[in-house]
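Presented below is the structure to which this report refers.
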Amino acid sequence: MINTKINFCGIEFKNPIVTASGTFGFGEEYGEYVDLSEYGGFGAKGLTRYPREGNKAPRIAETPSGILNSVGLQNPGVEYFAAHTMPSLKNCGAHVIANMSGNTVEEYCEMAEILSDTDAAIIEMNISCPNVKHGGLAFGTDAKTVNELTAAVKKHCKKPLVVKLSPNVTSITDIAKAAEDGGADGLSLINTLLGMKIDIHSRRPILANNMGGLSGPAVKPVAVRMVYQVHQVVKIPIIGMGGVMSGDDVIEFMLAGASLVALGTGLFVKPDLILDVKRDIAAYMERHGIEDINDIIGAVRLN
Amino acid sequence: MINTKINFCGIEFKNPIVTASGTFGFGEEYGEYVDLSEYGGFGAKGLTRYPREGNKAPRIAETPSGILNSVGLQNPGVEYFAAHTMPSLKNCGAHVIANMSGNTVEEYCEMAEILSDTDAAIIEMNISCPNVKHGGLAFGTDAKTVNELTAAVKKHCKKPLVVKLSPNVTSITDIAKAAEDGGADGLSLINTLLGMKIDIHSRRPILANNMGGLSGPAVKPVAVRMVYQVHQVVKIPIIGMGGVMSGDDVIEFMLAGASLVALGTGLFVKPDLILDVKRDIAAYMERHGIEDINDIIGAVRLN
Amino acid sequence: MKQTKLCKLISKSEPIPGIFDFTVESPEIAAEARCGQFLHIACGGGTFLRRPISICDARDNCVRFIFEVKGEGTKALAERNIGDFIDVMGPLGHGFEVKPEHKNAVIIGGGIGVFPLFLLAKQVKSDVFLGFRGKDRVVMEDEFASVAKSVTVGTDDGSYGYKGYIASAMDEYLDKNPCDVIFACGPKPMLKAVKAIAERRGIECQLSLEQRMGCGIGACLVCTCESTKDGMDKQLRVCKNGPVFDSREVTLND
Amino acid sequence: MKQTKLCKLISKSEPIPGIFDFTVESPEIAAEARCGQFLHIACGGGTFLRRPISICDARDNCVRFIFEVKGEGTKALAERNIGDFIDVMGPLGHGFEVKPEHKNAVIIGGGIGVFPLFLLAKQVKSDVFLGFRGKDRVVMEDEFASVAKSVTVGTDDGSYGYKGYIASAMDEYLDKNPCDVIFACGPKPMLKAVKAIAERRGIECQLSLEQRMGCGIGACLVCTCESTKDGMDKQLRVCKNGPVFDSREVTLND
Chain X
65 MINTKINFCG
75 IEFKNPIVTA
85 SGTFGFGEEY
95 GEYVDLSEYG
105 GFGAKGLTRY
115 PREGNKAPRI
125 AETPSGILNS
135 VGLQNPGVEY
145 FAAHTMPSLK
155 NCGAHVIANM
165 SGNTVEEYCE
175 MAEILSDTDA
185 AIIEMNISCP
195 NVKHGGLAFG
205 TDAKTVNELT
215 AAVKKHCKKP
225 LVVKLSPNVT
235 SITDIAKAAE
245 DGGADGLSLI
255 NTLLGMKIDI
265 HSRRPILANN
275 MGGLSGPAVK
285 PVAVRMVYQV
295 HQVVKIPIIG
305 MGGVMSGDDV
315 IEFMLAGASL
325 VALGTGLFVK
335 PDLILDVKRD
345 IAAYMERHGI
355 EDINDIIGAV
365 RLN
Chain G
65 MINTKINFCG
75 IEFKNPIVTA
85 SGTFGFGEEY
95 GEYVDLSEYG
105 GFGAKGLTRY
115 PREGNKAPRI
125 AETPSGILNS
135 VGLQNPGVEY
145 FAAHTMPSLK
155 NCGAHVIANM
165 SGNTVEEYCE
175 MAEILSDTDA
185 AIIEMNISCP
195 NVKHGGLAFG
205 TDAKTVNELT
215 AAVKKHCKKP
225 LVVKLSPNVT
235 SITDIAKAAE
245 DGGADGLSLI
255 NTLLGMKIDI
265 HSRRPILANN
275 MGGLSGPAVK
285 PVAVRMVYQV
295 HQVVKIPIIG
305 MGGVMSGDDV
315 IEFMLAGASL
325 VALGTGLFVK
335 PDLILDVKRD
345 IAAYMERHGI
355 EDINDIIGAV
365 RLN
Chain Z
795 MKQTKLCKLI
805 SKSEPIPGIF
815 DFTVESPEIA
825 AEARCGQFLH
835 IACGGGTFLR
845 RPISICDARD
855 NCVRFIFEVK
865 GEGTKALAER
875 NIGDFIDVMG
885 PLGHGFEVKP
895 EHKNAVIIGG
905 GIGVFPLFLL
915 AKQVKSDVFL
925 GFRGKDRVVM
935 EDEFASVAKS
945 VTVGTDDGSY
955 GYKGYIASAM
965 DEYLDKNPCD
975 VIFACGPKPM
985 LKAVKAIAER
995 RGIECQLSLE
1005 QRMGCGIGAC
1015 LVCTCESTKD
1025 GMDKQLRVCK
1035 NGPVFDSREV
1045 TLND
Chain R
795 MKQTKLCKLI
805 SKSEPIPGIF
815 DFTVESPEIA
825 AEARCGQFLH
835 IACGGGTFLR
845 RPISICDARD
855 NCVRFIFEVK
865 GEGTKALAER
875 NIGDFIDVMG
885 PLGHGFEVKP
895 EHKNAVIIGG
905 GIGVFPLFLL
915 AKQVKSDVFL
925 GFRGKDRVVM
935 EDEFASVAKS
945 VTVGTDDGSY
955 GYKGYIASAM
965 DEYLDKNPCD
975 VIFACGPKPM
985 LKAVKAIAER
995 RGIECQLSLE
1005 QRMGCGIGAC
1015 LVCTCESTKD
1025 GMDKQLRVCK
1035 NGPVFDSREV
1045 TLND
């Protein structure tokens, strides 16, 4: 009998498969294709302190083996989520990873408090947002800012705090260590790579927001590399993501160092991807005589 | 009659199509498929001060819509190039863009001097190399280092100096401005994104060097974004590259701000890609009534 | 649970150049399909995302959809052969709502926007207006004629039928005839004109919209259109709240 | 100028499960092809790079190649139908060198490494050794028998023919027979064994190597193998200097 249970930040996940925030709504739509209890957990749509309408459309552009998106954090706000959405998910059979984005340190702290009083299992903090009080530079691109933000939020957070890292940085390991030093209980990576696609006939970017985040299989090599690098320098566990399309991809992220792995853009192609993934993982474990999936976390050996 | 001539750093290119260093050898092999005179110019294999054997194989791994490579700068050294290779290319009908990588500032300066006395049209400086005297951090990831390196090399360089930027940085515009302030005559971007691919069965990275550079259509949205961002903040011209597979892709890079556009990994799939590209560009110009290709450089308008 | 389905391609034609008329076998989709809904199709050819393609007809355990080759995905789809299996999600979305009070219905379609209206036209005996760029792009006229009260075809260039925008033909018709609902699908300028006409005349109007889509089921929030409401209801999901909307719900702003 | 070619697939079979035997039409490639050279094939199926596949035979304006389905690319290639056009570069690389002094030639192949040896076997009357994992993986025995002096087939598991590694069968043969050249293609452990045997016996030996490739023509320097020389000649290009090398030129180190 193989074990696929993972203890992540003290919480038991029945399997290592979760979903990436922003690709899965609040579970309702994909729940019509696969029972949510098939997942170890799922990442809920990114929340902000107050409701947001998001960007104008088009919000998506297809690229080779990937997509650009710029939804702009359309969401009903953290209070609505706490009062209405989370209660309805209480018995869905999978852990809910709430995801929050803030304009200021204060907003992050307030959201952490609100989410701490819900049944969300984990609070994931998206730090790829512009820091409004400091010229709009993204929180996630400066190690000191990440450290201070994490430390501040941690004081208000009664749930495991996972910091979601932006890949648009010179040194992912510096940012990861800063988050760990600030008290993060876990890390998730990678968020999207910033990209742009131009319609050559109209001479305008396809996205109404001009630029957007690249995700999908195209970014997987960058994601695997960053998960590997981060796993080498931190002790806290990692949620790996970036272009997962199969169970083999999940295994690759786990070998690189991820304890949990998120499906994301791949769901748009295969809404029942989790079923293939679970079958492939079981086959891989059997083929290689692996009894406990925890044994493969970070088990890659360099050449 | 349409004009496709581009004046780049004072040198006239008969069309904006060049090739990315490292994908085209020294022109010999692809010259058997398409006469080199079809190209505006071509980027020669990256040179180092002394000959290098490069990394062990495998040096390539396929990824979704791209490849990882880690050749490790195998090359006969700059002196061999100056004495033997460049003379044989003198009448090839296209400008040669020599490309150099150094371990130290001094090596870069010596190479610039040696290459200045050849018939290379342009010297392209790859700054994605580890700075051996400073803990091995890549020159290209720190703006101050880039500025100082560029200024130092510029003093030894009698040809237009183009600095090739690494995309593995938090702010590509900071690095670009640092190179411009240091005296760069032009910029080329993007170099490859650092990535990794693991063989899940052997649990080892596919590349003997473990990590490698991601190129191909997968990275095009990142490349177009960076070319656009850099074009907004510098006055010097840009060679754009990253996943070009068609004339439409060339146009996209030019709209984003590139004056020349390099074919690279796409050549592995279509060795005669330049012919398709030139045909598509002519068709685009005709369709849109564009008489001078210079009119589209940086002509994207934001939404 | 809903599922993606591998549906066998059983008939294929190219009624006018670049427009492909496919019929696939799927008793489940055929039974569920409502007029105005769409399929989300994995086209192959190295493209990543599925392509939303409207349902044209559904009967005898089969679903018919007609699409234009616009890019790599639709090109690859067009190259499929009879007997091949096509990976389909659907039927998806909220289609046209036919109500008992719809006694005098008008259907108006422009270009490739006529295809999603056929199943509706079979269901509601209507006066149908079909607009095309020119005579060589006219398609499905006879099929609509076989199920409609009347069919008026127009071409922008006047090469066939009514000369000018088809919305004008409809507007002239409405001057003299009763109408309690307009169903429309077509390019945005046409939809804007139809919306304006309907609102000026106080006629209920249902519009089928297009937007670049991701998941197709309402989870990813990329295919939004702007509603006339504010706050959290400002952005509606074309794939889930639509693709068919009451014209008073949406602004049609870019 | 050299060109990529769109070659029509004119025959296709699957002699053993997962191994596909293709023949494409191409007078140019058929005329140019030398034994041991390869084709660089755009397989489709969303894969990016071409796949190098050795030439098995060339005659009557046609080229034959046999490949194993190993991943997405070869899977997509295997799904091509007769009449389809396949995008091919080639013939590429430096093949086997047959010299007048090769009076007593031995050919040894292992697994899918037997295919690149067939055109050679037609050209040089040889004693042929073919090794496979087991009886159910034996392929092309009859074809080699029809052109060779002798054919010895072995299986690792002893289920057919010589029991054990085929290099050992060859070594035993060489104890009793003259030989002035060995041509080999197969998995690396087999090549290492053959190289050792040839060098111990002082027999010329030509090895066909494999490596993950990029451009296929020698420009990108990714498909290197380690030579026995130093400096700039340390890394040889499998696609251009090879795929066939004199065994004394290469180390076969990983």
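Protein chains in written order, with our numbering: chain X, 65 to 367; chain G, 65 to 367; chain Z, 795 to 1048; chain R, 795 to 1048.
Note that beta-carbon positions come from the ideal geometry of N, C-alpha and C, so glycine has one too.
How is the beta strand (DSSP E) around residue i delimited, first residue to last?
i	result
phenylalanine 909 (chain Z)	No beta strand (DSSP E) holds phenylalanine 909 (chain Z); DSSP gives it neither H nor E.
threonine 949 (chain Z)	944-949
valine 857 (chain R)	856-862
serine 940 (chain R)	Here serine 940 (chain R) belongs to no beta strand (DSSP E); instead the alpha helix (DSSP H) covers 935-941.
phenylalanine 816 (chain Z)	813-819
glutamate 1020 (chain R)	1018-1020
For residue i, I'd like the list of residues in its chain whose CB is within less than 7 Å of its CB, leaving aside the five on either flank, ordered along the chain.
i	result
alanine 240 (chain X)	Leu229, Leu251, Val294, Val297 and Val298
glutamate 355 (chain G)	Ile66 and Asn67
For residue i and residue j, which I take to be in contact (beta-carbon distance under 8 Å), what is that distance rounded to the nearest angstrom?
i	j	result
cysteine 837 (chain Z)	glutamate 819 (chain Z)	That belief does not hold up - the Cβ atoms of cysteine 837 (chain Z) and glutamate 819 (chain Z) are roughly 18 Å apart, past 8 Å.
proline 335 (chain G)	methionine 883 (chain R)	7 Å
isoleucine 823 (chain R)	proline 885 (chain R)	6 Å
phenylalanine 912 (chain Z)	glutamate 891 (chain Z)	Actually they do not touch by this definition, with Cβ atoms about 17 Å apart.
cysteine 973 (chain R)	glycine 907 (chain R)	Going by Cβ atoms, the distance from cysteine 973 (chain R) to glycine 907 (chain R) rounds to 19 Å, so no, they are not a contact pair.
proline 151 (chain X)	alanine 282 (chain G)	41 Å between Cβ atoms; not a contact.
glutamine 1000 (chain Z)	threonine 1018 (chain Z)	In fact, because the Cβ distance is near 19 Å, the residues do not count as touching under 8 Å.
aspartate 340 (chain G)	isoleucine 264 (chain X)	In fact, because the Cβ distance is near 15 Å, the residues do not count as touching under 8 Å.
Using a 10 Å radius around the Cβ and a threshold of 16 neighbouring Cβ atoms, would you call residue i buried or exposed?
i	result
aspartate 1048 (chain Z)	exposed
leucine 366 (chain X)	exposed
tyrosine 292 (chain G)	buried
isoleucine 876 (chain R)	exposed
asparagine 139 (chain G)	buried
aspartate 815 (chain Z)	buried
serine 805 (chain R)	exposed
glycine 86 (chain G)	buried
leucine 201 (chain X)	exposed
So what's residue i in DSSP terms, helix, strand or just coil?
i	result
threonine 87 (chain G)	coil
phenylalanine 842 (chain Z)	coil
serine 165 (chain G)	strand
glutamate 174 (chain X)	helix
methionine 65 (chain G)	coil
glycine 107 (chain X)	strand
glutamine 797 (chain Z)	coil
asparagine 133 (chain X)	strand
alanine 757 (chain Z)	No information on residue 757 (chain Z) is available, as it lies outside the stretch 795 to 1048 that chain Z covers here.
lysine 228 (chain X)	strand
May I ask which residues mark the beginning and end of the alpha helix (DSSP H) holding residue i?
i	result
valine 283 (chain X)	Per DSSP, valine 283 (chain X) belongs to no alpha helix (DSSP H) and is neither H nor E.
lysine 982 (chain R)	982-995
methionine 150 (chain G)	150-153
methionine 318 (chain X)	311-320
isoleucine 345 (chain X)	337-351
serine 962 (chain R)	960-970
valine 217 (chain X)	207-218
In its own chain, which residues sit with a C-beta less than 6 Å from the C-beta of residue i, not counting the 5 before and 5 after it?
i	result
glycine 166 (chain X)	Tyr172
lysine 986 (chain R)	Leu1046
aspartate 965 (chain R)	Ile991
With a CB to CB cut of under 8 Å and the five nearest residues on each side skipped, what residues in its chain are close to residue i?
i	result
lysine 219 (chain X)	Cys173
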